[in-house]
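Structure record follows, encoded as structure tokens.
Protein chains: 2
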Amino acid sequence: MSPVSQPRKRRKEARPSELTAAALGLFVERGFAATRLEDIAARAGVSKGTLYLYFDSKEALFKAVIQEGVVPVIAENEAIAARHSGSSFDLLEKLLENWWQKIGQTDFAGIPKLMIAEARNFPEVAQFYYENVIRRAHALIGSALERGMASGEFRRMDVATTIDVIIAPILMLLIWRFSMACCQNHEGDSQLYLQIHMDLLRQGLRASQV
Amino acid sequence: MSPVSQPRKRRKEARPSELTAAALGLFVERGFAATRLEDIAARAGVSKGTLYLYFDSKEALFKAVIQEGVVPVIAENEAIAARHSGSSFDLLEKLLENWWQKIGQTDFAGIPKLMIAEARNFPEVAQFYYENVIRRAHALIGSALERGMASGEFRRMDVATTIDVIIAPILMLLIWRFSMACCQNHEGDSQLYLQIHMDLLRQGLRASQV
DNA sequence: TAACTTAATGACTGGTTGGTCATTAAGTTA
DNA sequence: TAACTTAATGACCAACCAGTCATTAAGTTA
Chain L
67 MSPVSQPRKR RKEARPSELT AAALGLFVER GFAATRLEDI AARAGVSKGT
117 LYLYFDSKEA LFKAVIQEGV VPVIAENEAI AARHSGSSFD LLEKLLENWW
167 QKIGQTDFAG IPKLMIAEAR NFPEVAQFYY ENVIRRAHAL IGSALERGMA
217 SGEFRRMDVA TTIDVIIAPI LMLLIWRFSM ACCQNHEGDS QLYLQIHMDL
267 LRQGLRASQV
Chain G
67 MSPVSQPRKR RKEARPSELT AAALGLFVER GFAATRLEDI AARAGVSKGT
117 LYLYFDSKEA LFKAVIQEGV VPVIAENEAI AARHSGSSFD LLEKLLENWW
167 QKIGQTDFAG IPKLMIAEAR NFPEVAQFYY ENVIRRAHAL IGSALERGMA
217 SGEFRRMDVA TTIDVIIAPI LMLLIWRFSM ACCQNHEGDS QLYLQIHMDL
267 LRQGLRASQV
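Residue numbers (my numbering), protein chains in the order written: chain L, 67 to 276; chain G, 67 to 276.
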């Protein structure tokens with residue numbers, strides 16, 4: 067057996083994203099308060115001291131985790147909505163598909179659970195997340211709904227609240243995966259879940275035929 | 067000004083539930099790890115030492131919080147389902163109504179967020195919650211769905227997954243209230259939210275008319 | 001009211017961890 | 001290869017907190 071300690075490499079560029087990735091994983095798993103900085107550093111393959119070269123404090127690291135990877139996907143979806151032509155329900159499906167690819171199937175999928183668990187302890191970060199992610203996602207779904215109502219494709223409804231009801235099952239899918247999912251022996255089928263949600267909406271949103 | 071310290075009263079009976087109530091509030095607000103036992107004791111109007119007369123450890127207190135107030139409501143709803151006659155959608159509405167009265171509008175409303183945030187750190191408690199709350203709630207909704215499918219009221223669908231999609235917005239309502247809700251200036255209307263969810267379901271679940 | 005039982009207290013301790021900094025060594029320049 | 005810059009380290013410290021226990025006093029019994 068050779069000595070365990072690796073020669074220490076100097077890789078200034080790669081460190082921050084490696085550290086936020088490690089932090090995301092542990093924060094989601096254990097919660098902010100219960101996660102030790104030493105464990106984050108170890109998962110990223112550095113020492114605790116190195117972590118402080120790149121982040122001022124544990125809270126600063128938390129902020130960086132949140133701000134890193136969610137906003138770009140919102141911007142993408144805004145672009146998708148802008149150039150869409152076709153039924154409004156198709157637009158909803160396109161937005162969901164892109165979100166699923168960029169968030170739902172990546173490590174960022176853990177962020178909703180993390181944000182929900184820690185929002186009250188970090189109001190400033192929660193505010194940032196609300197303004198830059200939640201509000202914009204709402205606006206996106208809202209405009210699709212209004213488009214569909216204007217064309218007669220969807221029935222009339224309270225838009226603001228309907229948005230919440232549409233988004234809720236999508237968020238719960240991720241939240242569940244990072245919390246209670248460990249108790250189920252059978253694994254849930256995410257694709258089927260999303261498909262059934264959209265099936266219910268397809269029929270639930272459309273203007274009644276009579 | 068008179069001295070601050072109250073004469074200490076002896077109230078062995080009332081202590082446990084006062085302590086679990088205080089703990090629920092603080093755990094929901096700050097998370098398990100970030101909550102200090104001294105703060106829980108203070109909120110319950112006793113000293114930290116007193117807390118240890120009634121609970122062996124911080125984790126034991128957490129278990130007690132969870133086990134205290136959710137199971138009875140499930141049992142009630144099982145009774146409601148057993149004696150129900152009428153449409154299957156009416157049954158779903160009745161179950162939701164009772165749940166809203168007994169959980170949604172009480173301090174127990176914070177439990178879903180707490181369970182989700184801490185499930186991974188307390189697999190034993192999570193397992194208990196899964197078996198005694200989640201599984202039974204699922205079975206309840208599931209039997210209502212199958213009843214409706216058998217009578218031709220609902221269309222055919224994958225029951226297990228549809229249950230999840232139905233429950234998700236209801237849980238998110240509470241989770242939201244105890245996390246990101248602080249960021250919104252306008253307060254959401256829970257009644258309207260639940261009504262729209264049920265409206266979407268009423269039309270989304272029913273067998274297509276053609 | 002004296003003796004007794006036990007609910008309640010809060011000072012204390014041992015372990016933990018966020019954050020610091022003097023030291024080490026990787027990589028670069030001359 | 002010698003001198004230099006700075007990324008990386010890990011021992012260390014101070015604050016914090018779960019859990020303990022000797023002491024206090026509320027309420028009860030005789």
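C-beta atoms are modelled at their ideal positions from N, C-alpha and C, and glycine is treated no differently.
Beta-carbon proximity list for Tyr259 (chain G), same chain, < 7 Å, skipping 5 on both sides | In the second sequence, the residue the question calls residue 259 (chain G) occupies position 193. Closer than 7 Å at the Cβ level, and outside the excluded window around Tyr259 (chain G), lie Leu239.
Return the first residue and the last residue of the alpha helix (DSSP H) that Trp242 (chain L) is part of.
-> Taking the first sequence and counting its residues from 1, the one referred to as residue 242 (chain L) is at position 176. Trp242 (chain L): member of the alpha helix (DSSP H) spanning 225-243, first to last residue.
How would you label Lys78 (chain G), buried or exposed, when you count the other beta carbons within 10 angstroms and need 16 or more for buried?
-> The residue you call residue 78 (chain G) lines up with position 12 of the second sequence. By the beta-carbon neighbour count (other beta carbons within 10 angstroms, threshold 16), Lys78 (chain G) is exposed.
Does Ser154 (chain L) have its Cβ less than 7 Å from a Cβ in chain G?
-> Along the first sequence, read from residue 1 onward, the residue named residue 154 (chain L) stands at position 88. So no, Ser154 (chain L) is outside the interface.
Give the range of the alpha helix (DSSP H) segment to which Trp165 (chain G) is assigned.
-> The count along the second sequence starts at 1 and reaches residue 165 (chain G) at position 99. Segment 154-165, the alpha helix (DSSP H) holding Trp165 (chain G).
Where does Phe188 (chain G) sit, in a helix, a strand or coil, going by DSSP?
-> Taking the second sequence and counting its residues from 1, one reaches residue 188 (chain G) at position 122. In the displayed model, Phe188 (chain G) falls within coil according to three-state DSSP, outside both helix and strand.
Minimum Cβ-Cβ distance from Ser123 (chain G) to chain L less than 7 Å | Taking the first residue of the second sequence as position 1, residue 123 (chain G) is located at position 57. The beta carbon of Ser123 (chain G) does not come within 7 Å of any beta carbon belonging to chain L, so the residue lies off that interface.
Taking the alpha-carbon positions, what's the Leu103 (chain L) to Arg81 (chain L) distance?
-> As a first step, residue 103 (chain L) must be located in the first sequence, where it is residue number 37. As a first step, residue 81 (chain L) must be located in the first sequence, where it is residue number 15. Taking the straight line joining both Cα atoms gives about 15 Å.
Relative to the C-alpha of Asp173 (chain G), which residue among G:Val131, G:Arg186, G:His204, G:Asp156 is closest?
-> As a first step, residue 173 (chain G) must be located in the second sequence, where it is residue number 107. Of G:Val131, G:Arg186, G:His204, G:Asp156, the smallest CA-CA separation from Asp173 (chain G) is found for G:Val131.
Can you name the residues that DSSP bridges to Phe128 (chain L)?
-> Along the first sequence, one-based indexing puts residue 128 (chain L) at 62. Bridge partners of Phe128 (chain L): none, in fact.
Put Arg272 (chain L) into one of helix, strand or coil per three-state DSSP.
-> In the first sequence, counting from the first residue as 1, residue 272 (chain L) sits at position 206. Annotated three-state conformation of Arg272 (chain L) is strand, per DSSP.
List the whole-angstrom C-beta distance separating Ala126 (chain G) from Arg109 (chain G), where the pair is believed to meet the contact cut-off of C-beta under 8 Å.
-> Here residue 126 (chain G) refers to the residue found at position 60 when the second sequence is read from its first residue. Here residue 109 (chain G) refers to the residue found at position 43 when the second sequence is read from its first residue. The C-beta distance from Ala126 (chain G) to Arg109 (chain G) rounds to 18 Å, too long to fall under 8 Å, and the pair is not in contact.
Quick check: the segment 204-218 of chain L against the segment 157-166 of chain L, are there 3 or more CB pairs under 8 Å?
-> A contact is defined here as three or more CB-CB pairs under 8 Å, and the segment 204-218 of chain L meets this definition with respect to the segment 157-166 of chain L.
Show which residues of chain L have a CB atom less than 7 Å away from the CB atom of Met215 (chain G).
-> In the second sequence, residue 215 (chain G) corresponds to position 149, counting from 1. In chain order: nothing, as chain L lies at least about 14 Å away.
If we count Cβ pairs, one from each stretch, closer than 8 Å, do we get three or more for the segment 188-208 of chain L versus the segment 195-208 of chain G?
-> The segment 188-208 of chain L is not in contact with the segment 195-208 of chain G.
Could you give the distance in angstroms between the alpha-carbon of Phe128 (chain G) and the alpha-carbon of Thr86 (chain G)?
-> Counting from one through the second sequence, the residue named residue 128 (chain G) turns up at place 62. Counting from one through the second sequence, the residue named residue 86 (chain G) turns up at place 20. If you draw a straight line from the Cα of Phe128 (chain G) to the Cα of Thr86 (chain G), it is about 8 Å long.
Does the distance from the C-beta atom of Ser245 (chain G) to that of Ala185 (chain L) stay below 7 Å?
-> On the second sequence, residue 245 (chain G) is found 179 positions in, with the first residue counted as 1. On the first sequence, residue 185 (chain L) is found 119 positions in, with the first residue counted as 1. It is a contact, given that the beta carbons lie within the stated cut-off.
Taking Ile182 (chain L) as the reference, which of L:Leu266, L:Tyr196, L:Gln171, L:Gly135 has the closest Cα?
-> Start at 1 with the first residue of the first sequence, and residue 182 (chain L) comes out as number 116. When only C-alpha atoms are compared, the closest one is L:Tyr196.
Close beta carbons around His263 (chain G), own chain, < 8 Å, minus the five adjacent residues each side = Along the second sequence, one-based indexing puts residue 263 (chain G) at 197. Cβ within range, chain order: Pro235, Ile236.
Any chain L beta carbon closer than 7 Å to Met264 (chain G) = Here residue 264 (chain G) corresponds to residue number 198 of the second sequence, with the count starting at 1. Interface criterion not met: the Cβ of Met264 (chain G) is under 7 Å from no Cβ in chain L.
Spatial distance of Ser71 (chain G) from Phe93 (chain L) (CA atoms) = Numbered from its first residue, the second sequence carries residue 71 (chain G) at position 5. Numbered from its first residue, the first sequence carries residue 93 (chain L) at position 27. Residue confidence is low: Ser71 (chain G) scores 45 on pLDDT, short of 50, so the model does not pin down where it sits. Its coordinate-derived value is still stated next. Answer to the nearest angstrom: the Cα atoms are 40 Å apart.
To which residues of the same chain is Leu119 (chain L) closer than 8 Å at the C-beta, ignoring the five residues directly before and after it?
-> What you label residue 119 (chain L) is simply residue 53 of the first sequence in a count that begins at 1. So the qualifying residues of the chain are Arg81.
Taking Cβ-Cβ distances below 8 Å as the criterion, which residues of the segment 71-104 of chain G are in contact with chain L?
-> Against chain L - using a Cβ distance shorter than 8 Å - the residues of the segment 71-104 of chain G are Glu95, Arg96, Gly97, Phe98, Ala99, Ala100.
Could you tell me the distance, in whole angstroms, from the CA atom of Thr228 (chain G) to the CA atom of Ser83 (chain L)?
-> As a working note, residue 228 (chain G) is residue 162 in the second sequence. As a working note, residue 83 (chain L) is residue 17 in the first sequence. Cα to Cα, the separation comes out at about 38 Å.
Run through DSSP, which three-state label would Phe93 (chain L) get?
-> Position 27 of the first sequence holds residue 93 (chain L). The answer is helix: DSSP assigns Phe93 (chain L) an H, G or I state.
Are Ile169 (chain L) and Val139 (chain L) close, meaning C-beta to C-beta below 7 Å?
-> Against the first sequence, residue 169 (chain L) aligns to sequence position 103. Against the first sequence, residue 139 (chain L) aligns to sequence position 73. It is a contact, given that the beta carbons lie within the stated cut-off.
Can the beta-carbon of Lys179 (chain L) be found less than 7 Å from the beta-carbon of Ile233 (chain L)?
-> Looking up residue 179 (chain L) in the first sequence gives position 113. Looking up residue 233 (chain L) in the first sequence gives position 167. Judged by their CB atoms, Lys179 (chain L) and Ile233 (chain L) are not nearer to each other than the 7 Å cut-off.
Neighbouring residues, chain L, relative to Thr228 (chain G) (Cβ below 7 Å) | Here the question's residue 228 (chain G) lines up with position 162 in the second sequence. Ile262, listed in chain order.
Between Gly115 (chain G) and chain L, is there a C-beta pair that is closer than 7 Å?
-> Sequence index remark: in the second sequence, residue 115 (chain G) carries index 49 (1-based). So no, Gly115 (chain G) is outside the interface.
Have a look at Val199 (chain L) and Ala141 (chain L) and give me their C-alpha separation to the nearest angstrom.
-> Residue mapping note: residue 199 (chain L) aligns to position 133 of the first sequence, counting from 1. Residue mapping note: residue 141 (chain L) aligns to position 75 of the first sequence, counting from 1. Going by C-alpha positions, Val199 (chain L) is about 10 Å away from Ala141 (chain L).
Would you check if the distance between the CB atom of Gly97 (chain L) and the CB atom of Ala247 (chain G) is smaller than 7 Å?
-> Residue mapping note: residue 97 (chain L) aligns to position 31 of the first sequence, counting from 1. Residue mapping note: residue 247 (chain G) aligns to position 181 of the second sequence, counting from 1. Contact check for Gly97 (chain L) against Ala247 (chain G) fails: the beta carbons are separated by 7 Å or more.
By how many angstroms is the C-alpha of Gln257 (chain L) removed from the C-alpha of Cys249 (chain L)?
-> In the first sequence, counting from the first residue as 1, residue 249 (chain L) sits at position 183. In the first sequence, counting from the first residue as 1, residue 257 (chain L) sits at position 191. When rounded, the distance between both Cα atoms is 20 Å.
Which residues mark the beginning and the end of the alpha helix (DSSP H) in which Met215 (chain G) is found?
-> Stepping through the second sequence from its first residue, residue 215 (chain G) is reached at position 149. First-last of the alpha helix (DSSP H) with Met215 (chain G): 201-217.
How many Å lie between Glu95 (chain L) and Ala175 (chain L) at the Cα?
-> Along the first sequence, read from residue 1 onward, the residue named residue 95 (chain L) stands at position 29. Along the first sequence, read from residue 1 onward, the residue named residue 175 (chain L) stands at position 109. Looking at the backbone, the Cα of Glu95 (chain L) and that of Ala175 (chain L) are separated by about 12 Å.
Residue range of the alpha helix (DSSP H) that includes Glu79 (chain G) | Here the question's residue 79 (chain G) lines up with position 13 in the second sequence. Neither: Glu79 (chain G) is in no alpha helix (DSSP H) and is coded neither H nor E.
Could you tell me the distance, in whole angstroms, from the CA atom of Phe220 (chain G) to the CA atom of His150 (chain G)?
-> Position 154 of the second sequence, counted from the first residue, corresponds to residue 220 (chain G). Position 84 of the second sequence, counted from the first residue, corresponds to residue 150 (chain G). About 17 Å.
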